[in-house]
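K.L.:
111 is the number of the first residue of the sequence shown in our numbering; add one for each residue after it. Before I ask anything, let me first share the structure, which is written out below as structure tokens.
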Amino acid sequence: MPSANAPYDPLDAQNLHNPYPVLAELRRTEPVFWHEGMASWMLTRHADCVRVLRDHGLFARDPRRTGGSVPEPSLSVQTLDPPQQNHVRSLFMTALRAQDLPAVEARARRLVASRLDALTRAGEFDVVAELAVPLSVAVVADLLGVEPPSYTEFAAVSDAIMQSMDGGLNPTLVEPGRIARQQLSELVDSWFTASSRPGLLARVRQMAPSADPHARLYVKNTARVMFQGGYSTMAAAIGNAVAVLLARPEALERMRDPALLATGVDELVRFDGPVQGTTRVAVRACRIGGVDVASGQKVVPLFAAANRDPAAFPGADRLVLERTPNPHLGYGWGPHSCVGTTVAQAGLRALVAALVEHPARLVAAGDGVRRRTATMRAFETLPAFLHR
Ligand code: HEM
């Protein structure tokens, strides 16, 4: 079992396959532990994670609050903390609430249905390439009101950004991530100058103050995060959800019931969600879970561990579709919680509803291959076929 001598390695093959037994053991024996490689305190209990995520005064997301720096292209809703973050976050939340999400969901459902029709004739296929990627690009582009970019080109740029999230473990991933961010920024710039479609970006453009150059920068960078972050987490969530349902056909069948569809998509994100954790920095010395944290030290709430904490979730290792309340951290918590939660829920409902309704049944065609990424739990490939 993990200890100071055998540190937790999220990239270990066994942990990539199933991280939950090791996380459960850590939560039991050493709920707040120091990770030498990441130079961080790792939190495995739900209550400790929520405390850190809520208390943005004590735990900073913005590295500039603790003497670090942020390159300009990274200044967005994701890196700014309140009160600086408030304006850009509420701008995007307000613009999102003005969108017709039921219409986005209905279009997503039709897209999945038509892809399933085509895939029925295809024999074995990869769920990631054929369902997760196209559905995620389509939903996020539809929401923002932009022309969907080519899947393959966009997936390569997005992958470089996603992998750079593991820069703490592997610094060689940082520079390719910076270059990819630059490429994506150029695409987003073109949307701001050229796109005239209705959607979230048009709404943001209407409401955003155009005079303040800082505000303009935050808005563009946040648009990039919405697109890339939204796409990559959604694609990963779809792969994970499909794998869970392939292993439990009876759960998929039960999700015909609209009430279980609604609660079930959240339970899927709790049970095996994509975002494994996040980082904050203590701005002052403090204690968490009986451990002394020094000012300037990094703290990592591990969502994956918190979401299986039996103190917060009875029967935490079981998929309970009707689970209510379900205070899971799959979408984060506090001022940096996911801006796109309602969109992600709509996309997942569209996927599951289309799978349930389709006359052919989705069946696994062997084991999937996991990506070697620590921050994002995702499949590289997930083989399946449709059985008539
Ligand atoms: C199932 C799919 C998704 C999951 C599981 C998910 C999960 C998360 C999580 C855990 C965070 C917080 C990370 C942290 O505290 O460091 C987050 C932040 C964020 N998400 Fe999502 N997300 C999903 C889909 C989306 C979509 C579709 C969009 C946009 C269309 C989106 C936009 C954002 C943004 C902008 C943030 C940054 C918020 C901030 O820092 O204030 N996400 N997401």
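From the three backbone atoms N, C-alpha and C, an ideal C-beta is built for every residue, glycine too.
1) Taking 7 Å as the cut-off, is the C-beta of glutamine 523 nearer than that to any heavy atom in the ligand HEM?
2) By Cβ distance below 7 Å, which residues in the same chain neighbour serine 437 in space, the five residues on each side in sequence not counted?
3) Are there any heavy atoms of the ligand HEM lying less than 7 Å away from the beta-carbon of histidine 166, as far as the coordinates show?
4) For the putative contact between threonine 176 and valine 393, defined by C-beta atoms under 8 Å, what is the C-beta separation to the nearest angstrom?
5) Is any non-hydrogen atom of the ligand HEM found closer than 7 Å to the C-beta of methionine 336, if you look at the structure I gave you?
6) Thinking leucine 431 and glutamate 363 are a contact (beta carbons under 8 Å), I'd like their distance in whole angstroms, please.
7) Three or more beta-carbon pairs under 8 Å between the stretch 349-360 and the stretch 469-484, yes or no?
8) Per DSSP, which one or two residues make a beta bridge with isoleucine 398?
9) Do serine 447 and the ligand HEM come close, with the Cβ less than 7 Å from some heavy atom?
10) Where leucine 311 and arginine 164 are concerned, what is the direct C-alpha to C-alpha distance, given to the nearest angstrom?
11) Consult DSSP for arginine 137 and reduce its assignment to one of helix, strand or coil.
12) Which residue or residues does DSSP assign as beta-bridge partners of valine 410?
13) Provide the residue span of the alpha helix (DSSP H) that contains valine 453, from first to last.
14) Alpha carbon to alpha carbon, what distance is there between glutamate 257 and arginine 498?
15) Relative to the ligand HEM, is the shortest distance from any of its heavy atoms to the C-beta of methionine 344 smaller than 7 Å?
16) Is the beta carbon of aspartate 384 within less than 7 Å of some heavy atom of the ligand HEM?
17) Taking the beta carbon of aspartate 227 as the centre, do at least 16 other beta carbons fall within 10 Å, making it buried, or is it exposed?
18) Is the beta carbon of glycine 478 closer than 8 Å to that of phenylalanine 489?
19) Taking a contact to mean a Cβ-Cβ separation below 8 Å, would you say valine 379 touches tyrosine 441 in this structure?
20) Compute the minimum distance between the beta carbon of glycine 374 and the heavy atoms of the ligand HEM, and state whether it is under 7 Å.
21) Which stretch, first to last residue, makes up the beta strand (DSSP E) that contains tryptophan 144?
22) Take the Cβ of alanine 114 as the centre, count every other Cβ of all protein chains shown within 10 Å, and call the residue buried at 16 or more, exposed below.
23) By Cβ distance below 7 Å, which residues in the same chain neighbour arginine 88 in space, the five residues on each side in sequence not counted?
24) What residue range is occupied by the uninterrupted beta strand (DSSP E) comprising histidine 497?
25) When DSSP labels each residue in this structure, what does leucine 439 get in the three-state scheme?
26) For isoleucine 271, tell me which candidate among Ser224, Met336, Ala321 and Val238 has the shortest Cα-Cα distance.
27) If you follow the beta strand (DSSP E) that alanine 474 is part of, which residue opens it and which one closes it?
28) Measuring CB to CB, does proline 332 end up less than 8 Å from valine 187?
29) Please classify alanine 304 as buried or exposed, where buried requires at least 16 neighbouring CB atoms within 10 angstroms.
30) State buried or exposed for methionine 344, treating a residue as buried only when at least 16 other CB atoms are found within 10 Å of its CB.
31) Alpha carbon to alpha carbon, how far is arginine 482 from proline 435?
32) I want to know whether the stretch 208-220 touches the stretch 247-255 - three or more CB-CB distances under 8 Å.
33) Can you tell me whether glutamate 296 is helix, strand or coil according to DSSP?
34) Can you find the residues in the same chain that come closer than 7 Å, C-beta to C-beta, to alanine 170, ignoring five residues on each side of it along the sequence?
35) Taking the straight line between their C-alpha atoms, what separation do you get for leucine 221 and leucine 253?
36) Any idea what DSSP makes of arginine 231, helix, strand or coil?
P.N.:
Let's see:
1) Nothing can be reported for residue 523, as the shown portion of the chain is limited to 111 through 498.
2) First, the amino acid is wrong: residue 437 is proline here, not serine. Correct list, in chain order: Ala422.
3) no
4) 6 Å
5) yes
6) Actually they do not touch by this definition, with Cβ atoms about 11 Å apart.
7) yes
8) Val401
9) yes
10) 28 Å
11) helix
12) Met152
13) 451-467
14) 34 Å
15) yes
16) The question names aspartate, yet the displayed sequence has proline at residue 384. It does: the Cβ of proline 384 is within 7 Å (strictly closer) of some heavy atom of the ligand HEM.
17) exposed
18) yes
19) yes
20) no
21) 142-145
22) Reliability of the predicted coordinates at alanine 114 is poor, the pLDDT of 46 falling under 50, and no value is obtained from them.
23) Coverage of the chain is limited to positions 111 through 498, which leaves residue 88 absent and any answer about it impossible.
24) 493-497
25) coil
26) Met336
27) 471-474
28) One detail in the question is off: residue 332 reads as threonine in this sequence, not proline. A contact, by the Cβ cut-off of 8 Å.
29) exposed
30) buried
31) 32 Å
32) yes
33) helix
34) Thr176, Asp191, Arg390, Val391 and Val393
35) 14 Å
36) coil
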